[in-house]
Amino acid sequence: MIFTNLYASSWSTVGEPKEKGLFDFDFITWMAWTWPTASFFIFIALCITVMYFWEKKVPGGSPRKGILTLNTTRGDRLFVSLLSAAFIHLAWLGLTDFNLWIATFLSSMFAIFVFKYV
Amino acid sequence: MNKTSNQKAWFFVIPVFALVAFNAVVPLMTVVNYSFQETFGSNVFQWEGTRWFKEILHSERFHSSLGRQFIFTFIILLIQLPLGIAIALTMPKKGWGVPVCLILMSMPLLIPWNVVGAMWNIFALPDIGFLGNSLNSLGFDYNFTQQSGDAWFTTILMDVWHWTSLVVLLSYAGLNSIQPAYYQAAEIDGAGRWDIFRYIELPKMKKVLTLAILLRFMDSFMIYTEPFVLTGGGPGNATNFLSLDLVKMALGQFDLGPAAAMSLIYFLIVLLMCWVFYSLMMKDEGRT
């Protein structure tokens, strides 16, 4: 597969010839794809797709003045959610030693809050 | 009136999408990929998880270069904004002085960054440079290559010289767009010079000044070439700003993983500040 062979699975296998996968082209190996980072980008793409269909269903982006007294649309709210999710994860990594999934949970809670009130 | 729906124009946007994908999206994705892995080159990567992010967030080196970056940007804004407004207020509003002033003001903006750095480097050299030599003959102990205070002084002076004009030009445009009726009304009311500035000119310049703050914040927060040529981050680490430190880590030490994590954190800070300024600018606009 495209991702599995593009990085060495451990230090002991570094330098050993790799088995070529179906999509393992040389021109893309430098991008160093892995499943976790790929799923992150797939998630972002999914978000944008969902926003597209949401806009088709309810056009106009439902603008309003939220608790920050800013005029926001649906897209603004998605941006704020994603940006704050990034900072919540960074703060979690920098300040605590707990499981990172808790930060992901907190971020999604915060995203719901943002979509409701901001 | 019936609007015909024709989405074919989107095809014309495809070249732009392709271009942006190649010069922005693909590199950004690669940086995200690198920030979770370790590599010594040859396209061999080892998964490291969130290790680099943890390391960067706890690293003394990152804290100090980020701190230096914020202090630098803060000083730059503190000097350039009032100075820029003051110069714009004293510039002539009509006559032959207008083009002369505008051209003089635009000149520093047209000089490439690395040339500015090289110019100021030579200008400030303590033995042969005009600035350095003059300061030393006046009795000041000035040497920007050895004393960190002098290095900061020179870097800030260079940036003020290079970029204050931008604030001047923006403020000047803002001032010129004020209708004369406001000044006449102020005169009838017997307003002083300060009152005119405080209650007419400053509120009318709010938009351009927000723009000026945004542009100056971003440019000084991402400053690289000028201090790289002028001081190279030295003496020691005194003027080692965030972008200089990032390049040292990525290209000097070839620590691609930590450098990628650091640049993502850098990117997020820039994105946050952009959003804050954008929201402030758009706050009073009736957006549809």
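Protein chains in written order, with my numbering: chain A, 2 to 119; chain B, 25 to 312.
All C-beta atoms, glycine included, are put in the ideal place defined by N, C-alpha and C.
- In the structure shown, B:Asn138 falls within a helical segment according to DSSP collapsed to helix, strand and coil.
- For A:Phe99, the CB contacts under 8 Å within the same chain, skipping 5 residues up- and downstream, are Trp93 in chain order.
- Shown here for A:Leu79: same chain residues with a beta carbon closer than 7 Å to its own, the five before and five after excluded, namely Cys48, Met52 in chain order.
- With 16 or more neighbouring CB atoms inside 10 Å of its own CB, B:Leu254 falls in the buried class.
- Sequence-ordered contacts of the segment 223-245 of chain B with chain A are nonexistent [C-beta pairs closer than 9 Å].
- Distance from the CA atom of B:Arg85 to the CA atom of B:Tyr206, rounded to whole angstroms, is 53 Å.
- Within 7 Å of the CB of B:Leu295, the CB atoms of chain A belong to Leu84, in sequence order along the chain.
- The beta-carbon of B:Lys78 is placed less than 8 Å from the nearest beta-carbon of chain A.
- Leaving aside the five residues that flank B:Leu149 on each side, the residues in its chain whose CB is nearer than 7 Å to its CB run, in chain order, Gly156.
- By the CB criterion at 8 Å, B:Phe60 and A:Thr105 fall outside the cutoff.
- Residue-level contact check: B:Ser303 touches chain A, since one or more beta carbons of chain A fall below 8 Å from its beta carbon.
- Beyond the five residues adjoining it in sequence on each side, B:Met129 comes within less than 7 Å, by CB distance, of Ser189, Val192, Leu193 in the same chain, given in chain order.
- In terms of Cβ geometry, B:Ala262 and B:Ser158 do not form a close pair [threshold 8 Å].
- Within the same chain, Val253 come within 6 Å of B:Ala142 by CB-CB distance, once the 5 residues on both sides are set aside.
- Along the segment 75-104 of chain A, the positions whose C-beta sits under 8 Å from a C-beta of chain B are Phe80, Val81, Leu84, Ala87, Phe88, Leu91, Leu94, Gly95, Leu101, read in chain order.
- Taking CB atoms only, B:Val300 has no neighbour in chain A less than 8 Å away.
- By the neighbour-count criterion, in which 16 or more other beta carbons inside 10 Å mark a residue as buried, B:Val44 falls on the exposed side.
- Straight-line measurement puts the Cα of A:Ile68 at about 6 Å from the Cα of A:Tyr118.
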